[in-house]
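As numbered in full-length UniProt numbering, residues 1 to 79 make up the sequence shown, in order. A virtual CB, placed ideally from N, CA and C, is assigned to each residue, including glycine. In this text, all values refer to a predicted model and were calculated from it rather than measured experimentally.
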Amino acid sequence: MWTVIGEATEVNREAHRDMEGTHAYLILTQEESSMILQTGQEINEVDNSGFMTSAPTIFAGNLGNNKFMVQVTTIGIRL
């Protein structure tokens, strides 16, 4: 399980005014796949996040002073 920091959405921007970024996604690894959950006031599963879901995630995090999100899976790297 990993969290990655992303752009503040309109919903959580007010609550996190002093933060440069907020935890935007929770990435859960399953045996054959990954599940991507978008965080905010609620946690929702998303299909079009830009993360790979068809393979298990080995690592996920931020690079470049939290400007980029990276995901390492068993079949590749996504930035």
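Whole-angstrom Cβ separation of residue i and residue j, contact assumed at under 8 Å?
| i | j | result |
| --- | --- | --- |
| L63 | V70 | 5 Å |
| Q30 | P56 | 7 Å |
| E42 | I36 | With a Cβ gap of about 15 Å, E42 and I36 do not count as contacting. |
Who does residue i pair with in a DSSP beta bridge?
| i | result |
| --- | --- |
| Q38 | Y25 and N44 |
| Q30 | Note: Q30 sits in no beta bridge, so no partner. |
| A55 | Answer is none; A55 lacks a bridge partner. |
Under the rule that 16 or more other beta-carbon atoms within 10 Å means buried, what is residue i, buried or exposed?
| i | result |
| --- | --- |
| G6 | buried |
| F59 | exposed |
| K67 | exposed |
Nearest CA to the CA of residue i: which residue from the options?
| i | options | result |
| --- | --- | --- |
| T74 | I27, M52, Y25 and T22 | M52 |
| N65 | L28, T22 and W2 | T22 |
| E32 | G50, S49 and S54 | S54 |
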